[in-house]
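Take a look at the structure below.
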Amino acid sequence: MSVPDYMQCAEDHQTLLVVVQPVGVVSEENFFRIYKRVCSVSQISVRDSQRVLYIRYRHHYPPENNEWGDFQTHRKVVGLVTITDCCSAKDWPQTFEKFHVQKEIYGSTLYDSRLFVFGLQGEITEQPRTDVAFYPSYEACPGVEKRIEDFIESLFIVLESKRLDRATDKSGDKVPLLCVPFEKKDFVGLDTDSRHYKKRCQGRMRKHVGDLCLQAGMLQDSLVHYHMAVELLRAVNDFLWLGAALEGLCSASVICHYPGGTGGKNGARRCPGGSLPAEAANRHRPGALTTNGINPDTSAEIGRAKNCLSPEDIIDKYKEAISYYGKYKNAGVIELEACVKAVRVLAIQKRSMEASEFLQNAVYINLRQLSEEEKIQRYSVLSELYELIGFRRKSAFFKRVAAMQCVAPSIAEPGWRACYKLLLETLPGYSLSLDPQDFSKGTHRGWAAVQMRLLHELVYASRRMGNPALSVRHLSFLLQTMLDFLSDQEKKDVTQSLESYTSKCPGTMELITLPDGLSLPPVPLTKLPIVRHVKLLNLPASLRPQKMKSLLGQNVSAKSPFIYSPIIAHSRGEERSRKIDFQWVQGDVCEVQLMVYNPMPFELRVENMGLLTSGVEFESLPAALSLPAESGLYPVTLVGVPQTTGTISVNGYHTTVFGVFSDCLLDNLPGIKTNGSTVEVIPALPRLQISTSLPRSAHSLQPASGDEISTHVSVQLYNGETQQLVIKLENIGVEPLEKLEVTSRVLASKEKLYGDFLSWKLEEALAQFPLQPGQVATLTVSIQVKLDFSCQENLLQDLSDDGISVSGFPLSSPFRQVVRPRVESKAANPPEGSKPGDPSHTKALEAILNFKYSGGPGHVDGYYRDLSLGLRVEVEPSVFFTRVSTLPATSTRQCHLLLDVFNATEHELSLSARGNEELILHAGECQRMAIQVDKFNFESFPESPGEKGQFASPRQLEEQRQEARGLEINSKLGIRWRIPSLKRTGEASVEGVLNQLALEHLQLAPLQWDVLVDGQPCDCEAAACQVGDPMRLEVRLTNRSPRSVGPFALTVVPFQDLQNGVHNYDLHGAVSFVGSSTFYLDAVQPSGQAACLGALLFLYTGDFFLRVRVHADGASKELPPSWFCLPSVHVRALEGQA
149 MSVPDYMQCA
159 EDHQTLLVVV
169 QPVGVVSEEN
179 FFRIYKRVCS
189 VSQISVRDSQ
199 RVLYIRYRHH
209 YPPENNEWGD
219 FQTHRKVVGL
229 VTITDCCSAK
239 DWPQTFEKFH
249 VQKEIYGSTL
259 YDSRLFVFGL
269 QGEITEQPRT
279 DVAFYPSYEA
289 CPGVEKRIED
299 FIESLFIVLE
309 SKRLDRATDK
319 SGDKVPLLCV
329 PFEKKDFVGL
339 DTDSRHYKKR
349 CQGRMRKHVG
359 DLCLQAGMLQ
369 DSLVHYHMAV
379 ELLRAVNDFL
389 WLGAALEGLC
399 SASVICHYPG
409 GTGGKNGARR
419 CPGGSLPAEA
429 ANRHRPGALT
439 TNGINPDTSA
449 EIGRAKNCLS
459 PEDIIDKYKE
469 AISYYGKYKN
479 AGVIELEACV
489 KAVRVLAIQK
499 RSMEASEFLQ
509 NAVYINLRQL
519 SEEEKIQRYS
529 VLSELYELIG
539 FRRKSAFFKR
549 VAAMQCVAPS
559 IAEPGWRACY
569 KLLLETLPGY
579 SLSLDPQDFS
589 KGTHRGWAAV
599 QMRLLHELVY
609 ASRRMGNPAL
619 SVRHLSFLLQ
629 TMLDFLSDQE
639 KKDVTQSLES
649 YTSKCPGTME
659 LITLPDGLSL
669 PPVPLTKLPI
679 VRHVKLLNLP
689 ASLRPQKMKS
699 LLGQNVSAKS
709 PFIYSPIIAH
719 SRGEERSRKI
729 DFQWVQGDVC
739 EVQLMVYNPM
749 PFELRVENMG
759 LLTSGVEFES
769 LPAALSLPAE
779 SGLYPVTLVG
789 VPQTTGTISV
799 NGYHTTVFGV
809 FSDCLLDNLP
819 GIKTNGSTVE
829 VIPALPRLQI
839 STSLPRSAHS
849 LQPASGDEIS
859 THVSVQLYNG
869 ETQQLVIKLE
879 NIGVEPLEKL
889 EVTSRVLASK
899 EKLYGDFLSW
909 KLEEALAQFP
919 LQPGQVATLT
929 VSIQVKLDFS
939 CQENLLQDLS
949 DDGISVSGFP
959 LSSPFRQVVR
969 PRVESKAANP
979 PEGSKPGDPS
989 HTKALEAILN
999 FKYSGGPGHV
1009 DGYYRDLSLG
1019 LRVEVEPSVF
1029 FTRVSTLPAT
1039 STRQCHLLLD
1049 VFNATEHELS
1059 LSARGNEELI
1069 LHAGECQRMA
1079 IQVDKFNFES
1089 FPESPGEKGQ
1099 FASPRQLEEQ
1109 RQEARGLEIN
1119 SKLGIRWRIP
1129 SLKRTGEASV
1139 EGVLNQLALE
1149 HLQLAPLQWD
1159 VLVDGQPCDC
1169 EAAACQVGDP
1179 MRLEVRLTNR
1189 SPRSVGPFAL
1199 TVVPFQDLQN
1209 GVHNYDLHGA
1219 VSFVGSSTFY
1229 LDAVQPSGQA
1239 ACLGALLFLY
1249 TGDFFLRVRV
1259 HADGASKELP
1269 PSWFCLPSVH
1279 VRALEGQA
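The opening position of the sequence shown corresponds to residue 149 in the numbering used here, with each subsequent residue numbered one higher.
The following block contains the structure:
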């Protein structure tokens, strides 16, 4: 026997072998349709008996195996069922003849046979025949199963007769010697009368009878015959048949112990209820098997059957039988099948290590030269058996060998599809799966070298199958999952192969379904490149949407009345970790930054890299990048535009690498860090772009608040100069610009700034709104620079020691007094750390113009945008007031303001006050100018309503009042400078120049004193009188203070100015008072007026001066001295007319 049956199991020893074959030409579909119905009758209960007959069907059985039927009767073909097509009566004789020819093949062993004829109708079909059945068609054949049952009953009759014939002990008859085919020539010439020969014949016959009893359903009888045969055959050392007897004993014991069978689902016995004997029915009661596979409910019953082997003895007897088979070269198939049967029994007993020993023995059994198909079958069965005992890797090894055998060089037409299918079945044994997600969690399982070899074989097999998509998928899987185990050269080879394959068939993310239903999931190349960090970026500062604050405040939430709730915090922890606290805007480009690196030893080109999102319609703008070999972390920014509003989730990214398109999801990337992946997309807002008439600044403003400034411009101005800044507002978005607010903020500076630095009229720009996309509006901003014009360096000689002229001489109010500057007062190279008052110091002012604008759907939802313009003004010094002093004028209501003016520019400069001529100053020149001004009534300045609330301390109130006084004085003076060569003009402000003493001299006293001579005021010009005539003198007091003053005592002191610095007060002989020289004024109420009268008599001609003094009594001591500024009276005494 040369063809092994790898599907054999121990319980097959009790079956009758029936061959079902076609006669003539029968389609495969029709044949197997009837074959399946025939196979459905696999066991029947014998009439008038409790025995069950089991049938084993085969549609192909080698005739040479049938020759071993005497050795083991289950190998003998005892029944033949043939199926044929016959459409006409004339073909019937030829068909029937073929049926007889078919029977001749197995004629020596057949018990009975049947012929099923399909398609023949007529008289022939009406003739009653037992061995032929006629059916009109394959569909209309309802009696097939019944005829098979009748056929099996006829087989049982023959079987039973043979059993009875062989089992009857006929001492007088000579027992024939049963032989296997290769023994016949060995027994020629033996002494048939010897005791040894007779025992051999009896032992073999006893074993043969045991086989017949087992097939006839007499289990206990078969055990008795097997035991007897073992004893007889062991005595004569008939090892081949002794092994067969031991195997039969094992098979009967296995049937007894494991009624469910050892062949798996296909080998399980299906016993119809009520048709089994009582003993068999008990064995089929439900119950769990113990560790050795014995049903505990039947263990006692089996134990009483003394002839039945125990589970341990079964394996021992199998080992013994196999050892006997091994002594015969021609019994290799028998030995191999016995090993397979033993393995199936051991699998049920869960004794894997012992089963592996039997399988190892089966591997080394040397059979005849097998064909390639037989080798494939042998390796496949070994793989299944190893899988059965739990040796998955060993099973995978033999299945892979079977796969390689399918494409052996000796095969004319290699079976690449079969090879590929078998290779796929080996994957679990090598801890491989076709899902890349199984390799992204935990450590790598399995032997990477073997796995890579297997994946390479899958790639090659799929390519030879003519399926390039499969090759790309497997090669992508190899590159993705085995990247860490590939050498640098292997990485290059694999990627070159992948590029070659994808040039013909690009890799996709589609699911590949094989013809057998197996699906290959997509393989995203998440390691090319490897992404370590994903960060969603906020919009640029100029485009970030801001929420308009409600009345309750922006941060008030109505979700919970509590400030903090731990329940809410913990339940929303995951959402908080993924939701980002900024917003994106519909229609604006949004950015996501990825930190990637290239693990390959060569430059990696990534094409078509973009974002994968959900929740909002999103237009991804793909990018292409090239990463150097084994680069470190490399930032990559992916952009896109959300087209609708809502909540957008960034799920991952897509790439095209080596021709493979990959969708890489963040949830599937191990070890990735992200700041969240969900962002709210608000409705569209307009986009404002500003451009100015000024050049861009090289300096970037750094505000302390951290605000980002989009545009920086700069301008250079002289101190006091004003320039117009024209700002163009262009709507570069797609939504109309409807609302605009402009504010300014001056950055902190040590410099004191006077006046409005930046001013504008927003109404002119708003008149052009709403601003449609593409339209431009203009806004004019006035930049006025007024820093401190004072200088700490005195460049001219002092007028007096205290810096304020208090001379009583009347001055004829010259406009200017030119004094050349001191040479030593101007340094050639001023030091770098010069003080703010240094004429060579250049100062800088920085301010931010803030534009808040909104429009479109975003404005409806309460959002706006904020755009900032940074302005840097470099202030060059124009003029400095190095010294300020005052001189009284001829009138007590006026005074002269003396200013030392220094030209700090490098150009000729002219200076002018309101209503006065220009003063020309050369570069670096200092001149003194005098301006006659009316004194100011500062007490009449109104206070602003919020002044007291804003400045709480008295010191701050006083500073505010002083600034207001300086502003009033500066506005009245109107000092302006002009540089003719540059055509630039500006204002020279004295706001920060005037000190407290100068302010007091420029202020009208609260007590207004007027001196009248003969009823005429004499504040400015000399009064004339006649010598010898009394001159009437009146002193009038007006109280402008808020309090009551007085009474006062006044004394009039006459004197003469000798014009040499000497005053002559000894005028008793020249001036005489009519009455007392002391005047008295009563108390004067606020806003009240009082006057006192007197008279003088001049005795000589000349120029006289009258000084009115207030007595330093109690009433006058309470008031400041500046309140008593009484004018000096100039009287010119003339000769009387005759």
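C-beta: ideal position from N, C-alpha, C; glycine also.
Cβ-based burial, residue i [other Cβ within 10 Å; buried from 16]
| i | result |
| --- | --- |
| A915 | exposed |
| E252 | exposed |
| F957 | The pLDDT assigned to F957 is 30, lower than 50, so where the model puts this residue is not dependable; a value taken from the coordinates is nonetheless given after this. That one is exposed. |
| C235 | exposed |
| V167 | buried |
| T661 | exposed |
| S136 | With the chain covering only 149 through 1286, there is no way to say anything about residue 136. |
| R593 | exposed |
Range covered by the beta strand (DSSP E) that runs through residue i
| i | result |
| --- | --- |
| E767 | F766 to L769 |
| R1124 | R1124 to I1127 |
| D334 | It is not in any beta strand (DSSP E) - D334 carries neither H nor E in the DSSP assignment. |
Helix, strand or coil at residue i [DSSP, three-state]
| i | result |
| --- | --- |
| S361 | Contrary to the premise, residue 361 reads as Cys rather than Ser in this sequence. Reduced to three states, the DSSP call for C361 is helix. |
| C1240 | strand |
| G563 | coil |
| G1097 | Here the model assigns G1097 a pLDDT of 46, short of 50, so the residue's position is not dependable, and the following value carries that caveat. Helix, per DSSP. |
| G1072 | coil |
| I470 | helix |
| D1177 | coil |
| H860 | strand |
| L165 | strand |
| D632 | helix |
| L1046 | strand |
| M657 | coil |
| V1138 | coil |
| S624 | helix |
| E755 | strand |
| H373 | helix |
Inter-residue Cα distance where the pair is residue i and residue j
| i | j | result |
| --- | --- | --- |
| Y1337 | F546 | Outside the modelled stretch of the chain, which goes from 149 to 1286, sits residue 1337, for which no answer is possible. |
| V174 | H222 | 28 Å |
| D239 | Y183 | 23 Å |
| D340 | K346 | Before going further, note that residue 340 is Thr rather than Asp in the sequence given. So the alpha carbons of these two residues sit roughly 7 Å apart. |
| P1036 | K1083 | 10 Å |
| L164 | E176 | 25 Å |
| G985 | S839 | Bear in mind that a pLDDT of 45 at G985, under 50, signals an unreliable position, so the model cannot answer this. |
| Q517 | C554 | 17 Å |
| L901 | V933 | 8 Å |
| V890 | V863 | 20 Å |
| V249 | I296 | 21 Å |
| I996 | V894 | 6 Å |
| D334 | L381 | 17 Å |
| S937 | N867 | Here residue 937 is Phe; the residue named in the question, Ser, does not match the sequence. Whole-angstrom Cα-Cα distance: 8 Å. |
| A1112 | G1122 | 15 Å |
| L775 | L484 | 60 Å |
Beta-carbon separation (whole angstroms), residue i vs residue j, contact threshold 8 Å
| i | j | result |
| --- | --- | --- |
| P1178 | L1245 | 5 Å |
| R311 | A364 | 5 Å |
| K355 | A377 | 4 Å |
Enclosing alpha helix (DSSP H) for residue i [first to last residue]
| i | result |
| --- | --- |
| S1016 | That residue, S1016, is in no alpha helix (DSSP H); its beta strand (DSSP E) goes Y1011 to E1024. |
| Y534 | E520 to L536 |
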